[in-house]
Amino acid sequence: MSPTTLPTGLEHGHVTFLGAGPGDPGLLTLRAVEALAHADVLVAEHDVLDVVREHARRGVSEVRTDGGPSSGPLPGTGTPQLAVVDGSSTTAGVPAVRDAAHLVMEAARGGRRVVRAVPGDPGLDTYAAEEMLACAAAGVPFEVVPGVAAAVGVPAYAGVPLRDAQGADVRFVDARTASDRCWTEVGASDGTVVVSTTLDSVGAAAGELVSAGRKPDTPLTVTVAGTTTRQRTWAATLGTIAQTLKQAKALPSPEGGRPVIAVVGERSAAAQRDQLSWFESKPLFGWKVLVPRTKEQAASLSDQLRSYGAVPHEVPTIAVEPPRTPQQMERAVKGLVTGRYEWIAFTSVNAVKAVREKFEEYGLDARAFAGIKVAAVGEQTAKALVAFGVKPDLVPSGEQSAAGLLEDWPPYDPVFDPIDRVFLPRADIATETLVAGLIELGWEVDDVTAYRTVRASPPPAETREAIKGGGFDAVLFTSSSTVRNLVGIAGKPHNVTVIACIGPATAKTAEEHGLRVDVMAPEPSALRLAEALADFGLRRRTAALEAGDPVTRPSERRPGARRRRSST
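Shown next, in the form of structure tokens:
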């Protein structure tokens, strides 16, 4: 029974056993996202919760199966806090099979919809099967949503296909539970073997295969943290893998117990991995990139950075607040409705948001723009207008800035323009470039403060230390104010951190604060800035490979003195 059709009064609720995949949230199935959106409770280990949490509805309760703290509802949701059931208790008369089984059934009481998320696929999870049996014995209805198994998904992200045109046999082995007979069977085969093991047990698993008959020079790859931006893959042979991991300082390690996927076999394409490694070869793979913007503005930029393999870290440096005196904005919005303006020009996403909020306050919608020409200073502002239901009449064809907008703005013509006035809602600290240019073109301008920009609160101490200590690989500055505010609330980025600026004015401000600018966008657009950083990362990666050096991130360089203004 689907959780979307489950009667809410059902005594035992409903449980969805859901495969969360190997780690990349993008690998969740559409059915998994649907189930998460209707869940009252999530039951999972900490790492799995991080994968599925984004798609859960607001107010969902979380219950961890690994002994960590459980979270209650968000304020005002009314979702009850769940108690963690210990292993000695029983639910509906059924003795405990495992602590998680108790948690699942306790969570389902009172008609709740429970999602029990497990790594990979539920069908390959031994404990999930036991929990399903416990639910069946207790009369708790359940369903299963398959997920991408780690043994299949991780090799795909590592660039290691499991089969070739000859259709090699593929065997899957869990080294943690494999018997001597199992090792003997896979050792006698010449097909591909996919071994699920742990980082500190790879050498032992390789030894088992050699003892069972595999040649020591058989190629293999070992991948840790597969499908995530922490993924790392080593290529070696059964006889050399222990030494390879030791030289890479992967063993011994405090995290030696991390699960890994090893792919063994002549046809496992280990030799072709240089050509097929599409994920780890992304231009910014694993780079930790600081995005100092307001959270609303950072979303699309962060998404683009992730597409290049980066790990964006959003730190608000600017907080947006209403104007101190709202009367001017109120008069302008009323004038817009009564036909006072020929044009309205939006210079930022925040300006669109400010006008939209004022519209909603008055019970207006996008229809109020009928008969008024609308201009947007750039692509992101235009997208915000389209989301509001307004298609802009004018967007700069060249430079995405106030100067670019003025180049395309028509001069006032009393014959064709019945009204000579422009409504310009903007920030309190905006420059006068657009106002002066419009007046020069013959227009009257109502320059209205739609919102104020103020410095945000300092980020957590851990983030501040990472900024000053070289923990970030790059930082993107999208305006002069983000430079000033970040330095003001968190200090200057370390000299190893790549500094990327959206344009000359921002770069000049960065240099004035003692920073050397490494990357500048070809045009003042946040998305083009991300592209420019990706190009920088690709050139850096290519240069390392051509020189025969290992590919490293900027933060992996030896820390040195603080970054100083370049003399060039």
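So for the sequence shown, our numbering puts the first residue at 2; every next one is plus one.
No residue lacks a Cβ here, since even glycine has one placed at the ideal position from N, Cα and C.
For P156, the enclosing alpha helix (DSSP H) starts and ends at 151–159. DSSP, reduced to helix, strand and coil, places S402 outside both helices and strands of the structure shown, so it counts as coil. Under the Cβ criterion (8 Å, minimum of three pairs), the stretch 461–474 counts as touching the stretch 488–502.
About 7 Å separates the beta carbon of V290 from that of L477, a gap short enough to meet the 8 Å contact definition. In this chain, P142 is not harboured by any beta strand (DSSP E), its DSSP state being neither H nor E. E463 and G472 have their C-alpha atoms some 10 Å from each other. Put simply, the backbone Cα of V34 is about 38 Å away from that of P523. For S197 and V171, the gap between their C-alpha atoms comes out near 13 Å. Taking the Cα positions, A320 is about 47 Å away from D201. It is roughly 10 Å from the alpha-carbon of R215 to the alpha-carbon of T185. If you ignore the 5 residues before and after Q381, its C-beta comes within less than 8 Å of the C-beta of Q298, S301, V350, S526, A527, L528, all in its own chain and listed in chain order. With respect to T66, A101 sits close: the two C-beta atoms are nearer than 8 Å. Taking each of H56, A135, G336, V42 in turn and checking the Cα distance to L29, the smallest one comes out for H56.
Short of 7 Å from the beta carbon of A311, and not among the five residues preceding or following it, lie these beta carbons of its own chain, in chain order: L285, W288, V290. The beta carbon of V446 sits closer than 7 Å to those of V423, L425, V436, L439, I440, all from its chain and outside the five residues before and after it, given in chain order.
The beta-bridge partner set that DSSP reports for A428 consists of Y452. Residue ranges of uninterrupted alpha helix (DSSP H) with 4 or more members, entirely inside the stretch 280–321 and ordered along the chain, are 296–308.
Each residue's CA atom was taken as its position, placing D414 and K359 some 31 Å apart. Remark: C-beta atoms of L406 and V375 do not approach each other more closely than 8 Å. Exclusion of the five residues before and after A206 leaves A176, V196, T198, A263 as the residues of its chain whose Cβ lies within less than 7 Å of its Cβ. Here DSSP, grouped into helix, strand and coil, assigns P505 to helix.
Counting only the Cα atoms, G372 lies some 10 Å from L337. Nearest in C-alpha terms to A159, of all of A213, A457, V261, is V261. Look at E132 here: in three-state DSSP terms it is helix.
Counting every other CB atom within 10 Å of its CB across the protein chains shown gives R231 a total below 16, marking it as exposed. Judged by DSSP in its simplified three-state form, H15 adopts strand. Contact between the stretch 243–250 and the stretch 276–285 is not established, with fewer than three Cβ pairs separated by less than 8 Å. For the beta strand (DSSP E) assignment, the uninterrupted runs of no fewer than 3 residues enclosed by the stretch 197–243 are, from N- to C-terminal side, 220–225, 233–238. Your pair V265 and T193 checks out as a contact, with CB atoms roughly 7 Å apart and the cut at 8 Å.
When the beta-carbon positions are compared, I490 and P459 come within less than 8 Å of each other. Between R164 and V391, the alpha-carbon positions lie close to 51 Å from each other.
The shortest CA-to-CA distance from L221 to any of P411, A36, L210 is the one to L210. Taking every protein chain shown into account, the CB of S303 has 16 or more other CB atoms within 10 angstroms, so this residue is buried.
Using a Cβ distance threshold of 8 Å, V141 and G14 count as a contacting pair. Distance from the CA of T507 to the CA of A533, rounded to the nearest whole angstrom, comes to 15 Å. Contact annotation, V155 with P313: C-beta distance approximately 23 Å; criterion of less than 8 Å not satisfied.
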